[in-house]
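Chains as they are written, first to last, in the working numbering: chain A, 243 to 721; chain B, -13 to 162. Notes to accompany the following structure.
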Amino acid sequence: MTMTRASHLLPRTLFQKIWDAHVVSAADDSTLVAIDRIWLHERTGAVAMKTLAEQGRALAAPERVFVTMDHVVDTLPGRGDATMMPTGRDFIRATREAAIEAGVTLFDIGDARQGIVHVISPEQGVVLPGVTLVCPDSHTSTQGAMGALAWGIGSTEAEHSLATMTLRIERPRTMRVLVAGTLAPDVSAKDLALHVIARLGAAGAKGHAIEFAGSAVSALSLEGRMTLCNMAAELGAFSALIAPDDKVFDYLVGRPHAPAGADLEAARAAWATLFSDEGAVFDIEHRIDAADVAPMISWGTNPQQSGPFADIAALHAPAADDSGLARSIDYMGLDGLDAVAGLPIDGAFIGSCTNARIEDLQAAAGVLAGRKVADGIRAICVPGSGEVKARAEALGLDRVFLDAGFEWREPGCSMCFFVGGESFGAGERVVSSTNRNFENRQGPGTRTHIASPASVAASAVMGRIASVRDLGVVTEDAR
Amino acid sequence: MTIAATRAIDRIAGRAVPLLRDNVDTDLIIPSREIRSVTKSGLAGGLFAGWRYTTDREPDADFVLNQPEYQGAPILLGGANFGCGSSREQAVWALAEDGLFRPALCPILTVDLPAREIRAETGEAWSFAIEDEAAQMLLTGRDEIDHTLAQIDEIAAWQHDDRQARPWVYPNKDAR
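Below you can see the structure in the form of structure tokens.
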């Protein structure tokens, strides 16, 4: 085993290096892979832990299992275990009881560290470069921005990984998405993600581990990298990752669960080897020119159905030559319209594991400062974690949001999806910094358009679908 | 993909319900609002709830699963990328509970797992791919955790070596 780790003659991809370091045993079409970190949340965590307990099985490594409350917990100030979702309290209490019983680390309601799993994992130093990390959540690829191999699993796989700290999986294929050049100052990681999805399609990376690379990716902040890797789920990717660099290594220094002292020195030496070797071969390579990327927004009911604001403005509802497309157009209320951009909106939402980090809130606040949300628009900002919220408040961003007419919430997934409690209304048009514009995602009949935090803020101010470019002012902060 | 088989399945025969739309995501298969219980059951009522019911939760006669000729049909014929989106296993549990995997009378399609083949009454046949591991799980109804725990010595040996190679991955329990 030491031999296979140390000596490789052929150039390897970043994915291959992490994969090789975690193979416990390999068969023809599946591999038993060691899992370093497991995250659970209250939506499915209780079921997984309770099922194991009922079977008389113990967790193999509770010290490497972490649990947060994010999916069904309310985000209104003063919240507790009670939720607007009718049975949400059951999920929260069952998860808390199971977590305490199992001896895992819990980030509970009221804990300043609580927040959305993919936001708090880096903050707490749980995800590290080179580790394997799983969570029963499809946006787990977000954490690949730290140079980890992180992927979403189902409940049965969660039980298997908790009981064995392994998973038996088929090795994904590899894909590199190289983004050359420099993004325009008002083009964000979210716009880049939607550009890639519109190009490759909703199943464009199915079964693949994507490595995002190139100068435009290296130039992104950690927050931007997380947004990009997050949206890989909307390409159907197995996972996504970015070679870790000093931005990642420096960020982890002093994080509660990150290595320290001699461990950190050894870790940094190992992390510095985590990149795709010159000449490493990917199953598929795509090249994107950063100069081609403009502010983007979705118009349909799948993230693939997205385009630049400029094109959307000229978009005639596509010929309804298949039932899926006709249904999207009908659901979104676009039938017979000449343009999507400029449509009046009813709601604006900034939050989610995609875009609720400090940089996202700064980008939106940069647009909102000195401006007001248009009349009749319900505008909500939900910071991704307690740490993000505290930092935003220290910077005075909460005042910017509140003064503009946004609600300022407690951390959680909130209205990224409708769990049966709070939602936007039927037929309401919402511009949202989230990841999915699926039918009924934000409420029965709600029409969701996904875009960057800056575009959500611009739309809220204009009262219609708009990008920062429509405001006529491009601020440095809108990046 | 990991499949927890609770009973052995080798062959399923019956009517196939055509739901030939691409990118049917798990939010459509079972909307989040329909997942109300902290268990793996009680989910069938929420299956395709957004399409299956009218606004006052009456069955929508237009939706294919509500049409009389498909009642009891055990096979769902999906489009490309079926089950994309949220990784909620409730989508699978809801489909299974609804009986879409349960044999019925009047076979029209036969899904033959050992032969990796789907056959129609007309005599047409199509092959399909499935991982050997997953197929074995379905055929035997075996619990995968037991299967892996049989390799516990191998896992322990791997971890022993890994603790030397990557000590920073393993938290010091005393420090917590």
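In this text, a Cβ means the ideal position worked out from N, Cα and C, and glycines have one as well.
Can you pull the chain B residues whose beta carbon is under 9 angstroms from the beta carbon of residue i, in chain order?
i: Lys448 (chain A); result: Asn67 and Cys70
i: Thr325 (chain A); result: What Thr325 (chain A) touches in chain B: nothing, since even the nearest Cβ is about 11 angstroms away.
Since residue i meets chain A, which of its residues come closer than 8 angstroms, beta carbon to beta carbon?
i: Ile16 (chain B); result: Simply none; closest approach about 11 angstroms.
i: Gly36 (chain B); result: Glu681, Asn682 and Pro686
i: Asp42 (chain B); result: Ordered by position in chain A, no residue passes the 8 angstroms Cβ test against Asp42 (chain B), which lies about 12 angstroms from the chain.
Run through the DSSP bridge pairs and tell me what residue i is partnered with.
i: Phe308 (chain A); result: A:Trp281 and A:Thr347
i: Gly529 (chain A); result: Reading the sequence as shown, one finds Arg at residue 529 (chain A) and not Gly. BP columns for Arg529 (chain A) point to A:Leu420.
i: Phe591 (chain A); result: A:Ile622 and A:Ser674
i: Glu103 (chain B); result: B:Asp98 and B:Ser113
i: Cys70 (chain B); result: B:Asp11
i: Trp393 (chain A); result: A:Val376
i: Thr337 (chain A); result: The partner list for Thr337 (chain A) (beta bridge, DSSP) is empty, contrary to what the question assumes.
i: Glu775 (chain A); result: Any property of residue 775 (chain A) remains undetermined from this structure, which presents chain A solely from 243 to 721.
i: Pro163 (chain B); result: Shown here, chain B extends from -13 to 162; a query on residue 163 (chain B) therefore has no answer.
i: Glu453 (chain A); result: A:Arg418 and A:Leu483
i: Arg(-3) (chain B); result: B:Asp98
i: Thr690 (chain A); result: A:Val672
i: Ala276 (chain A); result: A:Thr408
i: Lys448 (chain A); result: A:Ala479
Using a Cβ cut-off of 7 angstroms, pull out every chain B residue sitting near residue i, in sequence order please.
i: Ser267 (chain A); result: Gln137 and Glu140
i: Ala328 (chain A); result: Note that residue 328 (chain A) is Pro in the sequence shown here, rather than Ala. Correct list: Arg22.
i: Thr408 (chain A); result: Thr134 and Ile141
i: Glu652 (chain A); result: The contacting residues do not exist; Glu652 (chain A) stays about 20 angstroms from chain B at best.
i: Glu412 (chain A); result: Glu117
Who are the Cβ neighbours of residue i in its own chain at under 6 angstroms, not counting the five residues just before and after it?
i: Ala400 (chain A); result: Ala290 and Pro378
i: Ile260 (chain A); result: Gly372 and Leu391
i: Arg188 (chain A); result: Chain A is shown from 243 up to 721; residue 188 (chain A) falls before or after that span and cannot be answered.
i: Cys471 (chain A); result: Ser383, Thr384, Gly386, Ala387 and Ala482
i: Asp278 (chain A); result: Val373 and Thr374
i: Leu420 (chain A); result: Ala455, Gly456 and Arg529
i: Ala699 (chain A); result: Ala606, Val609 and Leu610
Going along chain A, which residues have a C-beta under 7 angstroms from residue i?
i: Asp8 (chain B); result: Gly566
i: Ser73 (chain B); result: Pro378, Asp379, Ser380, Gly394, Ile395 and Gly396
Once you ignore the five residues that flank residue i on each side, which residues in its own chain have a CB closer than 8 angstroms to its CB?
i: Ala(-6) (chain B); result: Leu124, Leu125, Thr126 and Gly127
i: Arg678 (chain A); result: Glu476, Pro545, Cys658, Phe659, Thr690 and Ile692
i: Thr424 (chain A); result: Ser457, Ala458, Ala461, Ala532 and Ala533
i: Ala302 (chain A); result: Leu404, Ala405, Thr406 and Met407
i: Gly65 (chain B); result: Leu5, Leu6, Arg7, Asp8, Asn9 and Val10
i: His381 (chain A); result: His360, Gly394, Asn472, Ala475, Cys595, Thr596 and Asn677
So with CB distances below 9 angstroms, who are the chain A contacts of residue i?
i: Thr126 (chain B); result: Ordered by position in chain A, no residue passes the 9 angstroms Cβ test against Thr126 (chain B), which lies about 15 angstroms from the chain.
i: Asp118 (chain B); result: Ala269, Asp270, Asp271 and Ser272
i: Val155 (chain B); result: Asp278, Arg279, Arg306, Leu370, Gly372, Val373, Pro501 and Ala509
i: Arg152 (chain B); result: Ala263, Asp278, Gly372, Val373, Ala508, Ala509 and Ala512
So, for residue i: in the same chain, excluding its five sequence neighbours on each side, which residues have a beta-carbon less than 7 angstroms away from its beta-carbon?
i: Asn67 (chain B); result: Asp8 and Asn9
i: Thr255 (chain A); result: Thr416, Glu453, Ser518, Ala522 and Phe524
i: Ile411 (chain A); result: Ser272, Thr273 and Val275
i: Thr208 (chain A); result: Any question about residue 208 (chain A) goes unanswered here, given that chain A covers just 243 to 721.
i: Pro45 (chain B); result: Arg38, Tyr39 and Asn52
Count the other C-beta atoms from every protein chain shown that fall within 10 angstroms of the C-beta of residue i, then say buried if there are 16 or more, exposed otherwise.
i: His360 (chain A); result: buried
i: Ala269 (chain A); result: exposed
i: Gln150 (chain B); result: exposed
i: Asn158 (chain B); result: exposed
i: Phe643 (chain A); result: buried
i: Thr310 (chain A); result: buried
i: Ile738 (chain A); result: A query on residue 738 (chain A) cannot be resolved here, the shown segment of chain A reaching from 243 to 721 and no further.
i: Ala552 (chain A); result: exposed
i: Pro60 (chain B); result: buried
i: Glu20 (chain B); result: buried
i: Leu318 (chain A); result: exposed
i: Pro550 (chain A); result: buried
At a CB-CB cut-off below 8 angstroms, which residues of chain B make contact with residue i?
i: Phe660 (chain A); result: Pro17, Ser18 and Arg19
i: Phe752 (chain A); result: Outside the displayed span of chain A (243 to 721) sits residue 752 (chain A), for which this structure offers no information.
i: Val289 (chain A); result: Val24, Thr25 and Lys26
i: Ala336 (chain A); result: Val24
i: Ala445 (chain A); result: Asn9, Ala66, Asn67 and Cys70
What in chain C is Cβ-close to residue i, meaning under 8 angstroms?
i: Asp13 (chain B); result: No chain C is part of this structure, whose protein chains are labelled A and B.
Discussion item. Taking contact to mean 3 or more Cβ pairs, one atom from each stretch, closer than 8 angstroms, check whether the region 698 to 716 of chain A and the region 524 to 531 of chain A are in contact.
Written reply: Between the region 698 to 716 of chain A and the region 524 to 531 of chain A there are fewer than three inter-stretch CB-CB distances shorter than 8 angstroms, so the stretches are not counted as touching.
Worksheet item: When the Cβ atoms of the region 374 to 383 of chain A are set against those of the region 318 to 333 of chain A, are three or more pairs found closer than 8 angstroms?
Response: No: fewer than three Cβ pairs fall under 8 angstroms.
Worksheet item: Contact between the region 598 to 617 of chain A and the region 680 to 697 of chain A: three or more CB pairs below 8 angstroms?
Response: Yes, the region 598 to 617 of chain A is in contact with the region 680 to 697 of chain A.
Worksheet item: Within the chosen definition, does the region 660 to 675 of chain A reach the region 399 to 417 of chain A through at least 3 CB pairs nearer than 8 angstroms?
Response: Counting Cβ pairs under 8 angstroms, fewer than three are found: no touch.
Worksheet item: Can we say the region 135 to 143 of chain B touches the region 111 to 119 of chain B, given the rule of at least three CB pairs closer than 8 angstroms?
Response: At 8 angstroms Cβ cutoff, the stretches do not touch.
Worksheet entry | the region 444 to 460 of chain A in contact with the region 331 to 351 of chain A per 3-pair CB rule at 8 angstroms | No: fewer than three Cβ pairs fall under 8 angstroms.
Fill in: the region 618 to 637 of chain A contacting the region 565 to 578 of chain A, beta-carbon criterion three pairs below 8 angstroms
Short answer: they don't touch.
Worksheet item: Is the region 290 to 301 of chain A close to the region 624 to 640 of chain A, with three or more CB pairs under 8 angstroms?
Response: At 8 angstroms Cβ cutoff, the stretches do not touch.
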